[in-house]
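Enquirer:
Number of protein chains: 2
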Amino acid sequence: MALLAGTALGLLVTGTAAAGHLFPDCEKGPLANNTVCDMTASVSDRAKALVAAFTTEEKFQLVVSTSPGVPRLGLPSYEWWQEALHGVASSPGVLFAPSGDYSYATSFPQPILMGAAFDDGLIEAVATVISTEARAFNNANRSGLDYWTPNINPYRDPRWGRGQETPGEDSFHIKSYVKALIKGLQGDDPDYIKVVATCKHFAGYDIEDWNGNERYEFDAIINPQELSEYYMQPFKACARDAKVASIMCSYNALNGVPTCASSYILQDILRDHWNWTDDGFYVVSDCDAIQNVYMPHNHSPTREGAAADSLVAGTDLDCGTYYQLHLPGAYEQGLFDDAVIDQALVRIYSAQIRLGMFDPTSSSAYRSLAFANVNTPESQDLALKAAEEGIVLIKNDGILPLQIPSNGSITLAVIGPWANATAAQMQGNYAGIAPFIHNPLYAASQLVNVNVRYAGAPGDPTTGGYPAALSAANASDIVIYVDGSNSGESDDRNLIRWSGERQDIMTQIAGLGKPFILLQMGDQLDDAPFLNHENVSAILWAGFPGQAGGDAIFNIITGKTAPAGRLPVTQYPADYVNQVPMTDMGLRPNETSGNPGRTYKWFNDATVPFGYGLHYTDFSVSVDAGDESSWDIADLLSGCDAEYKDLCAFQSVTVNVENTGDVASDFVTLGFVAGKHGPEPHPIKQLVAYERLFDVTPGSTASAQLNLTLGSLGRHDEAGNLVLYAGEYNLLVDVPTSSVWNFTLSGDDTVLEEWPQDPGTP
Amino acid sequence: MALLAGTALGLLVTGTAAAGHLFPDCEKGPLANNTVCDMTASVSDRAKALVAAFTTEEKFQLVVSTSPGVPRLGLPSYEWWQEALHGVASSPGVLFAPSGDYSYATSFPQPILMGAAFDDGLIEAVATVISTEARAFNNANRSGLDYWTPNINPYRDPRWGRGQETPGEDSFHIKSYVKALIKGLQGDDPDYIKVVATCKHFAGYDIEDWNGNERYEFDAIINPQELSEYYMQPFKACARDAKVASIMCSYNALNGVPTCASSYILQDILRDHWNWTDDGFYVVSDCDAIQNVYMPHNHSPTREGAAADSLVAGTDLDCGTYYQLHLPGAYEQGLFDDAVIDQALVRIYSAQIRLGMFDPTSSSAYRSLAFANVNTPESQDLALKAAEEGIVLIKNDGILPLQIPSNGSITLAVIGPWANATAAQMQGNYAGIAPFIHNPLYAASQLVNVNVRYAGAPGDPTTGGYPAALSAANASDIVIYVDGSNSGESDDRNLIRWSGERQDIMTQIAGLGKPFILLQMGDQLDDAPFLNHENVSAILWAGFPGQAGGDAIFNIITGKTAPAGRLPVTQYPADYVNQVPMTDMGLRPNETSGNPGRTYKWFNDATVPFGYGLHYTDFSVSVDAGDESSWDIADLLSGCDAEYKDLCAFQSVTVNVENTGDVASDFVTLGFVAGKHGPEPHPIKQLVAYERLFDVTPGSTASAQLNLTLGSLGRHDEAGNLVLYAGEYNLLVDVPTSSVWNFTLSGDDTVLEEWPQDPGTP
């Protein structure tokens, strides 16, 4: 007997993933006379004309990620799923060539390290390179133009497996970061979107699989206050302010309703409250999330119901096959009408029209981008710079920067499990194929006047690595020990500490008496055992630093570049994971549950705090805010006619930063608001502005402008409304605080933004 | 700059792992005149003479897994670490050839499936093949002769990642299994051990990493009663009765003391109580477990202390490097004396002597085994038979055995994530390189008059697999859906249920109205959603079935072989994991903690019970125990002069098994003791004997002998003593119980075995 023709021992591929991103032929194809091909018509009219040409049967096949297109209309198949978290990335719609042109794309650091740079200009530049490379891939028919990036759920709990994909834990920081990122990805051409970006995962998603709580069925219980002030903030900035073209609804339920089936968040908040209604704005589901509406959420009683409920709620595109399989039945059952499916189709095809897919090649310069624009020398420099800017110096007894003799040589032991880090370790998840991977061992081996002794993973008895590491360390002048922690999708961490075995190995090697530098990579681990350990000379955190990560690390270590990154997350004490279940979404300390509070806003016992980072020089910081120190709330509002009151300007505060040491260095200026205003409990502080100053030379002073808005001062009440309260305010600059400006607001507490209330589960 | 000579970008290998298993040259080498080479001397004298030739410095280098040997004495380097859980396995001491001879070894099913066969003869035969192949590898200088197998910790909790490595949850079953296994591995030559087997992990080890509780530092709190009656039983059988040559101490602590540093378990129980003191019996640590005595257990205040404490407690060999690195310092500090290190060395070299390493090639037939003895046709048949015997039929509405027309053909859909199972899925962990892997899809494709339609993993949107699976199922006469659950080392499960997504996919395909057979592989998952589902025709469990697994599965499915396996574990309901933390070692139900009880002995709400398994025929079972039904305890004891009272014979009970159906079939006869004797709480029942009957033809009756001992009747008191109680006894045969024999014991309760009491933490 035999396998039937048409099947195979490999996977049966029905879609056209990564195989066809050709655009429709608007000149000679069947659609040539359809209004969709008429560049003088409005986007909306063009999309409606296209949708009018579909049969009902066809419509249900077109709202899934692997779209078959409509051959009879010359509408090509299309894969909607591309990834580009930190460079064009391996994903169903991206086809890297096996070698040569298009066999790689620039691989930047993971967002968690780029977040540590606190440099929005850097982020926009990186995103611009990514969108340029994405267009080049598309022009070579090697990718689509819809990218499911960025991940902007705030990094709420240190155990989250996908925290590395985000810029960090702070909602203001993510807002600022994502605005720069979306600008770079979507471009600034008023006529064309460069690539569609997708802010995900909307909303309340930040658990993979913790102690049996799986993302596919987890119901995140979040009160309106914390939903509005924290979880929703990045999406507000992304949708309302940055006007991202796509939003991805998430696996989890939010207060009882799976997000992909929630008209409260997809309609009331996203489209009505944030006015996210431009042509081509569409909602896509996370992959198989529509299925999850049926099982395991058990939200809809039937499969057809789940498909219909999601479509009606406002999920326009299904990553998966549920729409394809079950919308026809749902339609027969009368669970939705033609207007609903047409609306979804108009939205997604409007996006394609705004991407220029129905316009001639000559219509946009984007269409000329080619492999010459991929991984250019400038892009390589930018990948290096992005890693350098993010690296955080956590401890330094003076050993850094390393003095390398210009005559003679020194011997470095470069040892530990991550010394010869793999591509996966250097890049982190959602990576593409990098043109090269310079890991720490490689970069060390490029140094002049430096001999390198390498040993791999001590403690592995199969390699005798433990004695080998001791021996390498013993034979060297200085030890650089490279280790880290990795997590990932579907993989939350249970532990955030260095294991006893690794502590033993490190302290034993440190005990040899050589200067011992801990190069900590990947996710945060509690460094308490080493911070005050007399044998540990320095600690650097380098995250997942991308293709040039090793070069960046050794540029920092040797002082070629001065470190100025700041921790974008709290480094929690090891025991934190025993104090609060990951499933407790509460941010505020809670005596009843024992929740000690989350993020630097509510938790005060960090091992290393959010915003921390040392330099090779000293800085003196002072706020220059002018003489005024009291304002009337009504006056502040009367002077502003912004559409959204939280964006009304308040003050632009100058911070003078003097380099009082000997080394030129960047400096990240961080401004936080604290103080007694509004109801208790008050947060410890809240980041409201930041600016990275570049290359401040010894003896000189540079100035940062912290542009405060009314939103910087507002707090969210229990209903989620943003309120400006009379009371005392403090602007705290730097971490730890080194300069403070105090001021007061008087008058009536005033609502800046009314939060839409959840109608609740039906 | 350059990398120094002697280092490399690869791992620096200091040992000689898998590179040298040559024996010392006792004819012409430096040791030729040492008594160790004198075959007429006693093992002990030979070992002592060898040890006397070592310098103190050399001694500390020889008690680690990657032994450098003593070149000046012509004692070759030696890798002590070999694995062979279900076939000679990839491990530091085993060197498979890249191709040709010695590039593979027979790969039997994982123990969890072989356990389901309840056939000790099978186990001995399998172990005999493994030890033969191991000797062949050794003769070709491709492996050592010390094998760190079997894993006999009882499978206490369904979440345990390494449960698949064990024969199951029942301590009596494991005892019986391991005695057969050790006999096969160590052989029956009074002069030579065939290969050294190692019963692991001694003791109380069965957590990998559950919710942040890591095996390296977990302290298992177990009361003397349950320690003695359950956790220690397999080791008692292995050490005391089967006389295994090696025992591995574990990562965890037991009641406060890391097991590798516990003289209570290594001396008081193992060597004193169980008389495990033959020449060459040695204790090896789990890998890096000596380090763990220092960190993270913090049991010893220094590294030297941890090494000394472990050596003094009775751990003779360190898998790792801690002994090598820290025994010298400990010796200088006076933490142990020469007699202790000499004792360890005498033990491990006595094992080498008993393996024949100091004897000429002509001394033993084992030395002539060669590649012609590897994966012979007989061994291949045995691998097939082992899988067939273990497969358990859980549900059958009559669809099985499948009727395949002799004329014409039928079409089978063979679909699902495990249909085209990988080698890792087919073999499970601690596997070697198999000569071939016949997975379900392969085996289906070999059937005559059967067309196969394959589709991979439904639900994966990148492949359109969901519609493809539906389409394959729709185009077929019968659907065989193959899915499973895998776990592994360092990887406990949090969930023991089929996910909602998978339930949805399966019920949707089952809903097409074709006969739907669920082939469940890997670990157990709660089958409740399918057991009573009218669209699910049959459920087979096939574990990790090894190289011939697919063939075995389809031999069962087509009726070429009749199924007779029985579940060796309880199939727990999904919610069980929410009822008891994995860290709660208690077996008995506990109202205070909410522990609902563990294993079939104490938990009564299984989805599918321990011992369950259907057949293709019907059996009628009756106990024939003779007329006597009451005994006096003193009489029973007076008639027995066995060294260990638990081994005193009680009754050999005949069970008559009549095949009343139409199909010849094996039948596993299971006998349990229950009844009111001894203090409450009483276990539901306890397995005390089993026998597999072979090929019982329709209409015929076969008889099994259940050989009961006094140990079968005894229970353990709170101090851990084994006590024979007066009272009522019931012998329950089969699952569910189909025949019962009741009897009574009278007279004085009598202790059969006094349990050594834990002196406690100093």
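Quick mapping for you: the protein sequence lines, in order, are chains X and Y.
Residue numbers for the first sequence follow our numbering, beginning at 476 and rising by one.
Residue numbers for the second sequence follow our numbering, beginning at 476 and rising by one.
Ideal Cβ positions, reconstructed from N, Cα and C, are used throughout, including at glycine.
1. Am I right that X:Ser542 and X:Trp555 are in contact with their C-beta atoms under 8 angstroms? What's the rounded C-beta distance?
2. With C-beta atoms as the reference, is X:Ala624 less than 8 angstroms away from X:Ala580?
3. Would you please verify whether the beta carbon of Y:Ser974 is less than 8 angstroms from any beta carbon of chain X?
4. Taking DSSP as the reference, what is the three-state secondary structure of X:Gly1195?
5. Who are the near neighbours of Y:Gly1186 in its chain, counting only those whose CB is closer than 6 angstroms to its CB and skipping five residues on each side?
6. Answer with buried or exposed for Y:Ala899, where buried requires no fewer than 16 other C-beta atoms within 10 angstroms of its C-beta.
7. Ordered along the chain, which non-local residues of its own chain (more than five positions away) have a Cβ less than 7 angstroms from that of Y:Gly544?
8. Which residue from Y:Thr1219, Y:Leu1220 and Y:Tyr1200 puts its Cα closest to that of Y:Glu1228?
9. Provide the residue(s) that pair with X:Val1215 in DSSP beta bridges, ordered along the chain.
10. Can you list, in chain order, the residues of its chain whose CB lies under 7 angstroms from that of Y:Asp681, leaving out five sequence neighbours each side?
11. Could you check what DSSP says for Y:Thr937 in three-state terms: helix, strand or coil?
12. In chain order, which beta strand (DSSP E) runs of at least 3 residues are fully inside the stretch 735–781 of chain Y?
13. Using three-state DSSP, classify Y:Leu497 as helix, strand or coil.
14. Check the Cβ of X:Gly766 against every Cβ in chain Y and list those closer than 9 angstroms, keeping chain order.
15. Only counting the same chain, and skipping five residues up and downstream in sequence, which positions put a Cβ closer than 7 angstroms to that of Y:Lys534?
16. What three-state label does DSSP hand X:Thr1036 in the structure shown?
17. In whole angstroms, give me the CA-to-CA distance for Y:Pro936 and Y:Ala781.
18. Please report the straight-line C-alpha distance between X:Cys674 and Y:Phe693, rounded to a whole angstrom.
19. Suppose you measure from the CA of Y:Met589 to the CA of Y:Glu863; what does that come to, to the nearest Å?
20. Y:Lys658 and Y:Ala712 - do their beta-carbons sit closer together than 8 angstroms?
21. Examine chain Y for any beta-carbon lying closer than 8 angstroms to the beta-carbon of X:Pro771, and answer yes or no.
22. So, is Y:Arg547 buried or exposed, given that buried needs 16 or more other C-beta atoms within 10 angstroms?
23. Look at the Cβ atom of X:Thr734, then the Cβ atom of X:Phe647, and state whether they are nearer than 8 angstroms.
24. Is any beta-carbon of chain Y found at less than 8 angstroms from that of X:Glu692?
25. Is the separation between the beta-carbon of Y:Ala930 and that of Y:Ile885 shorter than 8 angstroms?
26. Would you mind sorting X:Glu502 into buried or exposed? The rule is 16 or more other CB atoms within 10 Å of its CB.
27. List the whole-angstrom C-beta distance separating Y:Ser960 from X:Pro771, where the pair is believed to meet the contact cut-off of C-beta under 8 angstroms.
28. So if DSSP puts X:Asn675 in a beta bridge, which residue, or which two residues, is it bridged to?
29. If you pair each beta-carbon of the stretch 610–626 of chain Y with each one of the stretch 655–670 of chain Y, do three or more pairs fall below 8 angstroms?
30. Measuring only between beta-carbons, confirm whether X:Asp763 sits less than 8 angstroms from chain Y.
31. Determine contact between the stretch 513–524 of chain Y and the stretch 826–836 of chain Y, defined as no fewer than three beta-carbon pairs at a distance below 8 angstroms.
32. Does DSSP classify X:Pro1173 as helix, strand or coil?
33. Within the continuous alpha helix (DSSP H) that includes X:Ile912, where are the two ends?
34. Between the Cα of X:Ile840 and those of X:Ala788, X:Ser606, X:Thr1144 and X:Val1171, spot the shortest distance and give me the residue it belongs to.
35. Against chain Y, which members of the stretch 787–810 of chain X pass a CB distance test of less than 9 angstroms?
36. Pair every Cβ in the stretch 851–865 of chain X with every Cβ in the stretch 1023–1040 of chain X, then say whether three or more of these pairs are closer than 8 angstroms.
Expert: By the coordinates alone:
1. Here residue 542 of chain X refers to the residue found at position 67 of the first sequence. Here residue 555 of chain X refers to the residue found at position 80 of the first sequence. With 8 angstroms as the limit, X:Ser542 and X:Trp555 qualify as a contact, their Cβ atoms being about 7 angstroms apart.
2. Here residue 624 of chain X refers to the residue found at position 149 when the first sequence is read from its first residue. Here residue 580 of chain X refers to the residue found at position 105 when the first sequence is read from its first residue. Residue identity differs from the one stated: residue 624 of chain X is Thr in this sequence, not Ala. Taking 8 angstroms as the Cβ cut-off, X:Thr624 and X:Ala580 do not qualify as a contacting pair.
3. The sequence position of residue 974 of chain Y within the second sequence is 499, counting from 1. Y:Ser974 counts as touching chain X.
4. For this step, residue 1195 of chain X is matched to residue 720 along the first sequence. Residue state, collapsed to three classes: coil.
5. Within the second sequence, the letter at position 711 stands for residue 1186 of chain Y. For Y:Gly1186, where only same-chain residues beyond five positions count, the Cβ hits under 6 angstroms are Asp1121.
6. Residue mapping note: residue 899 of chain Y aligns to position 424 of the second sequence, counting from 1. Exposed: under 16 other Cβ atoms inside 10 Å.
7. Counting from one through the second sequence, the residue named residue 544 of chain Y turns up at place 69. Closer than 7 angstroms at the Cβ level, and outside the excluded window around Y:Gly544, lie Leu550, Pro551, Ser552 and Tyr553.
8. Along the second sequence, read from residue 1 onward, the residue named residue 1228 of chain Y stands at position 753. Y:Glu1228 has its Cα closest to that of Y:Tyr1200, out of Y:Thr1219, Y:Leu1220 and Y:Tyr1200.
9. Here residue 1215 of chain X refers to the residue found at position 740 when the first sequence is read from its first residue. Paired residue(s): X:Leu1207.
10. What you label residue 681 of chain Y is simply residue 206 of the second sequence in a count that begins at 1. Around Y:Asp681: Asn628, Arg631, Asp632 and Trp635.
11. For the purposes of this step, residue 937 of chain Y is identified with residue 462 of the second sequence, where counting begins at 1. Note that Y:Thr937 scores 49 on pLDDT, short of 50, meaning its location in the model is unreliable and no value can be drawn from it.
12. 757–760
13. For the purposes of this step, residue 497 of chain Y is taken as the residue at position 22 of the second sequence. Y:Leu497: coil per DSSP, three-state reduction.
14. Position 291 of the first sequence, counting from 1, holds the residue named residue 766 of chain X. Before going on, a small fix: residue 766 of chain X reads as Gln here, not Gly. Residues of chain Y passing the Cβ test: Gly934, Tyr941, Gly975, Glu976, Asp979 and Ile980.
15. What you label residue 534 of chain Y is simply residue 59 of the second sequence in a count that begins at 1. Same-chain partners within the cutoff: Ile816 and Leu820.
16. The residue you call residue 1036 of chain X lines up with position 561 of the first sequence. Looking at X:Thr1036 - three-state DSSP - the assignment turns out to be coil, as it is neither helix nor strand.
17. Locating residue 936 of chain Y in the second sequence gives position 461, where the first residue counts as 1. Locating residue 781 of chain Y in the second sequence gives position 306, where the first residue counts as 1. Residue placement at Y:Pro936 is poorly supported in this model, since its pLDDT is 49, which falls under 50; the coordinates still yield a value, given next. One C-alpha to the other measures close to 52 angstroms.
18. Within the first sequence, numbered from 1, the residue matching residue 674 of chain X stands at position 199. Within the second sequence, numbered from 1, the residue matching residue 693 of chain Y stands at position 218. Answer to the nearest angstrom: the Cα atoms are 41 angstroms apart.
19. Translated into the one-based positions of the second sequence, residue 589 of chain Y becomes position 114. Translated into the one-based positions of the second sequence, residue 863 of chain Y becomes position 388. Approximately 9 angstroms, taken between the alpha carbons.
20. Here residue 712 of chain Y corresponds to residue number 237 of the second sequence, with the count starting at 1. Here residue 658 of chain Y corresponds to residue number 183 of the second sequence, with the count starting at 1. No, these two residues do not count as a Cβ contact at 8 angstroms.
21. One-based indexing of the first sequence puts residue 771 of chain X at position 296. Closer than 8 angstroms: yes.
22. For the purposes of this step, residue 547 of chain Y is taken as residue 72 along the second sequence, with counting starting at 1. Exposed, since its Cβ has fewer than 16 Cβ neighbours within 10 Å.
23. Reading the first sequence from its first residue, position 259 is the one you call residue 734 of chain X. Reading the first sequence from its first residue, position 172 is the one you call residue 647 of chain X. No, Cβ-Cβ distance for X:Thr734 and X:Phe647 is not below 8 angstroms.
24. As a working mapping, residue 692 of chain X is identified with position 217 in the first sequence. It does: the Cβ of X:Glu692 has a partner Cβ on chain Y nearer than 8 angstroms.
25. For the purposes of this step, residue 930 of chain Y is taken as the residue at position 455 of the second sequence. For the purposes of this step, residue 885 of chain Y is taken as the residue at position 410 of the second sequence. Cβ distance not < 8 angstroms, so Y:Ala930 and Y:Ile885 don't count as in contact.
26. The sequence position of residue 502 of chain X within the first sequence is 27, counting from 1. Exposed.
27. Residue mapping note: residue 960 of chain Y aligns to position 485 of the second sequence, counting from 1. Residue mapping note: residue 771 of chain X aligns to position 296 of the first sequence, counting from 1. Not confirmed; about 16 angstroms, so no contact.
28. The count along the first sequence starts at 1 and reaches residue 675 of chain X at position 200. Note on residue identity: the sequence assigns Lys, not Asn, to residue 675 of chain X. Paired residue(s): X:Asn626 and X:Met723.
29. yes
30. For the purposes of this step, residue 763 of chain X is identified with residue 288 of the first sequence, where counting begins at 1. For X:Asp763, the answer is yes, since a Cβ of chain Y falls inside 8 angstroms of its Cβ.
31. yes
32. Numbered from 1 along the first sequence, position 698 holds the residue referred to as residue 1173 of chain X. Reduced to three states, the DSSP call for X:Pro1173 is coil.
33. Counting from 1 along the first sequence, the entry for residue 912 of chain X is found at position 437. Where X:Ile912 is concerned, there is no enclosing alpha helix (DSSP H), given that its DSSP letter is neither H nor E.
34. Working through the first sequence from its first residue, we reach residue 840 of chain X at position 365. Per the sequence presented here, residue 840 of chain X reads as Ala, with Ile not at that position. Per the Cα distances, X:Ser606.
35. Asp793, Cys794, Gly795, Thr796, Tyr797, Gln799 and Leu800
36. yes
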